[in-house]
Amino acid sequence: MIQSFSCRGRALRYADLSESARAAGRDLRRYPYVIRVLLENLLRHRAWGAAVTEEEIGRLWDWREHLGADLPLHVARVILPDSSGLPVLQDLAALRDAVALAGGDAAQVDTRIPVDLIVDHSLQVDHWGDASAVQRNLRREFERNDERYRFLKWAQQAYKGLRVITPGIGIIHQVNLEYLAPIVARQVRPDGEWAYPDFVIGGDSHTPMVNALGVLGWGVGGIDAEAALLGQAYTFPVPEVVGVRLHGAIEAPALTTDAALLITQQLRAAGVVGSMVEFFGPAVAALSVPERATIANMAPEYGATCGFFPIDARTLDYARITGRDEEQLALIDAYARANQLWRDAGDAAPAYSRVIEIDLSAARPSVAGPRRPQDRMDAGDVPADFRRRLAEPVAEGGFGVDAAAVAAHPPRRDAAGHGSVALAAITSCTNTSNPGVMLAAGLVARKALALGLTPPAWIKRSLAPGSRAVTRYLESAGLLAPLQAQGFHVIGYGCTTCGGKSGPLEPAMADAIAEGGLVAAAVLSGNRNFEGRIHKLLRANYIGSPAMVVLYALAGRIDIDFEREPLGPGTDGAPVYLRDVWPSQDEIAALLPLASDPALFAEVYDPASLDSAIWRDLEAPSGLRFPWDPDSQYLVEPPFFKARPGRDALADLAASLGRGRVLAAFGDSLTTDHISPSGEIPVDTPAGQYLLEQGVAPRDFNTYVARRCNHHVMTRATFANIRIKNALVPGVEGGVTVHYPDGERMAVVDAARAYRDAGEASVILAGRDYGMGSSRDWAAKGSALLGVRAVIAESFERIHRANLVGMGVLPLAFAEGQGWRQLGLTGAELLRFANVENGVLKGEPIEVEAEDGERRMRFQVHAQVLTQAERKLMAEGGIPSSVLNSFLNETAAANAANC
Numbered sequence: 001m002i003q004s005f006s007c008r009g010r011a012l013r014y015a016d017l018s019e020s021a022r023a024a025g026r027d028l029r030r031y032p033y034v035i036r037v038l039l040e041n042l043l044r045h046r047a048w049g050a051a052v053t054e055e056e057i058g059r060l061w062d063w064r065e066h067l068g069a070d071l072p073l074h075v076a077r078v079i080l081p082d083s084s085g086l087p088v089l090q091d092l093a094a095l096r097d098a099v100a101l102a103g104g105d106a107a108q109v110d111t112r113i114p115v116d117l118i119v120d121h122s123l124q125v126d127h128w129g130d131a132s133a134v135q136r137n138l139r140r141e142f143e144r145n146d147e148r149y150r151f152l153k154w155a156q157q158a159y160k161g162l163r164v165i166t167p168g169i170g171i172i173h174q175v176n177l178e179y180l181a182p183i184v185a186r187q188v189r190p191d192g193e194w195a196y197p198d199f200v201i202g203g204d205s206h207t208p209m210v211n212a213l214g215v216l217g218w219g220v221g222g223i224d225a226e227a228a229l230l231g232q233a234y235t236f237p238v239p240e241v242v243g244v245r246l247h248g249a250i251e252a253p254a255l256t257t258d259a260a261l262l263i264t265q266q267l268r269a270a271g272v273v274g275s276m277v278e279f280f281g282p283a284v285a286a287l288s289v290p291e292r293a294t295i296a297n298m299a300p301e302y303g304a305t306c307g308f309f310p311i312d313a314r315t316l317d318y319a320r321i322t323g324r325d326e327e328q329l330a331l332i333d334a335y336a337r338a339n340q341l342w343r344d345a346g347d348a349a350p351a352y353s354r355v356i357e358i359d360l361s362a363a364r365p366s367v368a369g370p371r372r373p374q375d376r377m378d379a380g381d382v383p384a385d386f387r388r389r390l391a392e393p394v395a396e397g398g399f400g401v402d403a404a405a406v407a408a409h410p411p412r413r414d415a416a417g418h419g420s421v422a423l424a425a426i427t428s429c430t431n432t433s434n435p436g437v438m439l440a441a442g443l444v445a446r447k448a449l450a451l452g453l454t455p456p457a458w459i460k461r462s463l464a465p466g467s468r469a470v471t472r473y474l475e476s477a478g479l480l481a482p483l484q485a486q487g488f489h490v491i492g493y494g495c496t497t498c499g500g501k502s503g504p505l506e507p508a509m510a511d512a513i514a515e516g517g518l519v520a521a522a523v524l525s526g527n528r529n530f531e532g533r534i535h536k537l538l539r540a541n542y543i544g545s546p547a548m549v550v551l552y553a554l555a556g557r558i559d560i561d562f563e564r565e566p567l568g569p570g571t572d573g574a575p576v577y578l579r580d581v582w583p584s585q586d587e588i589a590a591l592l593p594l595a596s597d598p599a600l601f602a603e604v605y606d607p608a609s610l611d612s613a614i615w616r617d618l619e620a621p622s623g624l625r626f627p628w629d630p631d632s633q634y635l636v637e638p639p640f641f642k643a644r645p646g647r648d649a650l651a652d653l654a655a656s657l658g659r660g661r662v663l664a665a666f667g668d669s670l671t672t673d674h675i676s677p678s679g680e681i682p683v684d685t686p687a688g689q690y691l692l693e694q695g696v697a698p699r700d701f702n703t704y705v706a707r708r709c710n711h712h713v714m715t716r717a718t719f720a721n722i723r724i725k726n727a728l729v730p731g732v733e734g735g736v737t738v739h740y741p742d743g744e745r746m747a748v749v750d751a752a753r754a755y756r757d758a759g760e761a762s763v764i765l766a767g768r769d770y771g772m773g774s775s776r777d778w779a780a781k782g783s784a785l786l787g788v789r790a791v792i793a794e795s796f797e798r799i800h801r802a803n804l805v806g807m808g809v810l811p812l813a814f815a816e817g818q819g820w821r822q823l824g825l826t827g828a829e830l831l832r833f834a835n836v837e838n839g840v841l842k843g844e845p846i847e848v849e850a851e852d853g854e855r856r857m858r859f860q861v862h863a864q865v866l867t868q869a870e871r872k873l874m875a876e877g878g879i880p881s882s883v884l885n886s887f888l889n890e891t892a893a894a895n896a897a898n899c
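Here it is, written out as structure tokens:
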């Protein structure tokens with residue numbers, strides 16, 4: 001039902017949810033807000049002429065009866081960081097070439113919806129500890145990434161819907177929250193001006209941070225983003241919607257970060273993977289948008305597709321503070337109320353598939369670690385946990401340090417030892433978007449400074465705000481100088497330590513770790529602490545609030561008992577305790593107005609200040625097609641659009657799986673960081689050796705993120721994280737495996753090549769939660785390029801499962817209660833798969849025969865190809881082949897019409 005409403009004298013059309021519900025005999029108040037947004041999307045696009053059927057709309061009216069059924073959604077916009085965005089644009093450039101070579105119109109390959117690309121993932125902490133760090137790091141960033149950034153400048157003029165937010169502005173999700181998200185969008189069409197909910201997918205898994213504004217959005221791989229920005233329907237399964245009722249209040253000394261870690265722990269334990277989470281309850285109205293953002297940002301960590309807070313008065317407050325103009329504020333208010341997308345505190349809760357109760361008053365000062373963000377513990381439990389883990393075997397979650405080594409290097413503040421804090425970083429959009437926790441960190445720094453307490457010199461300290469607004473209000477509050485005096489100088493504006501761009505440690509500490517085999521620690525205010533991600537020398541990594549980062553830096557060790565032990569000595573030699581430096585809620589609240597000044601955000605996001613002289617001075621190519629440099633080690637034409645048109649990809653897949661070998665076998669919770677690392681490129685890895693062979697000096701290796709447009713590097717990086725543990729080589733870390741049947745140990749990339757040469761498909765075995773973590777499409781792209789044709793796991797994380805399908809790699813699940821370990825597989829077996837095509841297209845069981853000499857076993861697996869659209873993708877060989885076929889078919893049809 002299409003209606004109109006008036007806003008400031010303008011009539012705007014909209015898809016009326018209330019009228020549609022009445023026509024369907026439904027009570028809209030019973031529907032979760034996320035379902036309302038999805039319904040609006042289908043209703044509006046049907047009115048706009050899209051291929052949306054009554055059956056598909058009906059699936060949402062009865063959503064709990066149709067979980068997993070296809071929804072043909074059309075997103076309002078796409079948002080990308082440079083880490084996944086550059087490969088997306090590179091793929092589009094290659095697609096243009098493929099279409100042109102086939103005689104088509106390359107100009108048809110263009111962005112069909114708005115696309116924002118924020119350059120935020122290339123900053124590294126090369127310089128720290130002084131006021132010049134920002135400019136020195138920015139200059140070094142441009143030096144390293146000159147070629148990539150010239151490509152981006154070409155893309156700015158080549159793709160009509162692309163906007164680039166240049167280096168030095170902020171982190172994608174904080175910029176999205178503070179500046180980019182309209183909350184309610186509008187579009188002029190032939191039949192008038194329309195209003196509709198902002199709906200975004202992003203090439204970063206923490207896109208749900210914008211859910212704090214009432215904007216539905218979630219993370220996808222760059223593969224899915226490519227299809228969406230080309231104007232294709234984004235097919236998504238009808239989700240389970242879990243209501244999370246928040247009650248109680250965050251009580252001092254806990255901060256929002258502590259509540260977010262509590263929620264992450266409890267929701268991960270409750271099993272919300274792949275679900276949409278919608279927050280409601282008496283505590284929600286009291287949470288500001290920055291507090292909601294801290295919670296919503298962690299949706300990937302608790303496994304949900306999104307963590308949604310509907311539009312309410314707090315949304316308008318934040319939109320006003322951050323500089324949205326009065327016309328936009330009026331539109332948000334009028335539209336959300338007219339279309340039943342506004343929530344008042346007293347409104348009855350919708351009907352959810354299930355409800356989880358969380359008491360915010362249970363939050364305590366805490367950290368999560370040492371390897372996973374859901375492993376929260378009260379700060380008081382950290383000392384015993386760390387000491388226990390020191391001696392425990394690695395296979396049991398410990399660090400495997402013998403008693404003599406522990407005794408030789410005990411944790412202490414005045415010398416490096418096991419448990420020494422080597423890196424303390426206030427970083428990541430999760431927390432730097434929240435003024436309350438940032439001001440708390442500044443107050444801790446100021447109070448400690450007044451008492452004469454500073455961190456040990458060996459600790460690398462950095463402050464990487466998510467936007468320039470943070471620096472401004474910290475300075476206004478008089479807290480930037482104390483943070484700097486404690487070593488937390490601003491080093492730039494981007495995703496640094498949390499994303500693996502921590503840079504070098506202080507040399508003395510790096511030497512001590514290497515020489516003593518120390519288990520040293522990192523403490524960061526981020527959202528990811530997977531092993532091998534933060535820094536290659538640091539095996540214990542903890543995430544917590546910015547204030548906790550400062551505290552642990554002051555203490556110098558991770559195993560401190562804050563209740564009983566002093567942080568260190570003050571000026572007069574007297575011990576300084578946590579209670580001496582921890583701020584009160586009143587002290588924090590008194591400074592919060594300084595972070596709520598619309599003039600501050602207007603200045604920070606003034607269009608005239610959204611690039612730099614360095615960016616403006618960059619010379620770049622122009623024209624429709626990109627001129628590839630055959631000697632480039634950054635921008636190598638990708639191979640994904642060279643598939644044979646019209647081939648039966650599913651038959652090819654089934655044939656290849658007639659003879660498969662296990663390339664690697666993994667336990668539970670293997671992350672996309674393990675599969676495709678993001679940080680520095682070590683010299684002694686296949687990727688490092690390849691770059692050396694190409695004449696690249698180690699100083700110029702840059703990071704894996706920066707080399708994502710070179711598939712030669714990224715293929716060699718796949719399954720090559722320095723901390724990955726392949727069960728085929730027990731007790732060994734790194735990208736090593738065993739080649740069968742000869743039993744020779746070799747690099748994963750070499751074994752994959754050998755299997756491919758022998759006509760054997762590579763197969764991965766895994767446990768639960770395979771592919772958790774970042775929405776890293778290269779974890780799927782690299783797997784495909786290695787020749788991995790199937791992954792058999794006990795369960796998959798949502799985004800990586802979809803990425804595997806998008807690259808034509810078959811995700812398979814063991815039967816309930818089974819796994820490769822339970823079945824007694826060793827990885828030495830020759831695997832034969834039967835009924836693959838029916839398994840993919842009809843959901844029938846796929847039979848697997850495993851043979852190792854005289855030993856044979858059979859078991860069944862099920863294809864995790866969940867929708868009709870995904871089945872079609874598998875039949876076409878993945879999204880690149882599907883998109884290319886689509887353009888070639890358009891070309892053929894146009895040529896036929898012109899004959």
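Following my numbering from start to finish, the sequence shown increments by one per residue and tops out at 899.
All C-beta atoms, glycine included, are put in the ideal place defined by N, C-alpha and C.
What you are looking at is a predicted structure, and each value in this text was computed from that prediction instead of being measured.
By the 10 Å Cβ neighbour count, where 16 or more other Cβ atoms means buried, how is residue i classified, buried or exposed?
i: Asn-710; result: buried
i: His-121; result: buried
i: Val-581; result: buried
i: His-739; result: buried
i: Val-277; result: buried
i: Glu-797; result: buried
i: Asn-889; result: exposed
i: Asp-572; result: exposed
i: Asp-673; result: buried
i: Gln-694; result: exposed
For residue i, does the three-state DSSP call read helix, strand or coil?
i: Ile-722; result: coil
i: Arg-468; result: helix
i: Ala-664; result: strand
i: Ala-33; result: Correcting the residue identity first, residue 33 is Tyr in this sequence and not Ala. Of the three classes helix, strand and coil, the one that applies to Tyr-33 here is helix, per DSSP.
i: Gln-818; result: coil
i: Tyr-234; result: strand
i: Ser-122; result: coil
i: Trp-218; result: strand
i: Ser-275; result: coil
i: His-862; result: strand
i: Ser-881; result: helix
i: Ala-547; result: helix
i: Ala-395; result: helix
i: Met-1; result: coil
To which residues of the same chain is residue i closer than 6 angstroms at the C-beta, ignoring the five residues directly before and after it?
i: Ser-4; result: Ala-11 and Arg-13
i: Leu-95; result: Val-109 and Phe-641
For residue i, which beta-bridge partners are listed by DSSP?
i: Gly-419; result: Answer by DSSP bridge pairing: none, since Gly-419 is not bridged.
i: Glu-680; result: Thr-703
i: Met-746; result: Thr-737
i: Phe-562; result: Answer is none; Phe-562 lacks a bridge partner.
Output needed for residue i: all residues of its chain with C-beta closer than 7 angstroms, excluding positions within five of it in sequence on either side, in chain order.
i: Val-215; result: Ala-181, Ile-183, Asp-198 and Val-200
i: Val-52; result: Leu-42, His-45, Arg-46 and Pro-72
Return yes when at least one heavy atom of the ligand MN lies under 8 angstroms from the C-beta of residue i, else no.
i: Ala-687; result: Questions concerning the ligand MN fall outside what the structure shown contains, since it holds no ligand whatsoever.
May I have a chain-ordered list of the alpha helix (DSSP H) segments no shorter than 4 residues that lie completely inside the segment 578-650? Taking only runs of at least 4 residues, the alpha helix (DSSP H) segments lying wholly in the segment 578-650 are 578-581, 585-591, 598-604 and 613-617.
Counting only runs of 3+ residues fully inside the segment 249-297, write out the beta strand (DSSP E) ranges in chain order. The qualifying runs are 276-280.
Hey, which unbroken runs of the alpha helix (DSSP H) at 4 residues or more fall wholly within the segment 47-119? If we require 4 residues or more, the alpha helix (DSSP H) runs fully inside the segment 47-119 come out as 54-61 and 82-101.
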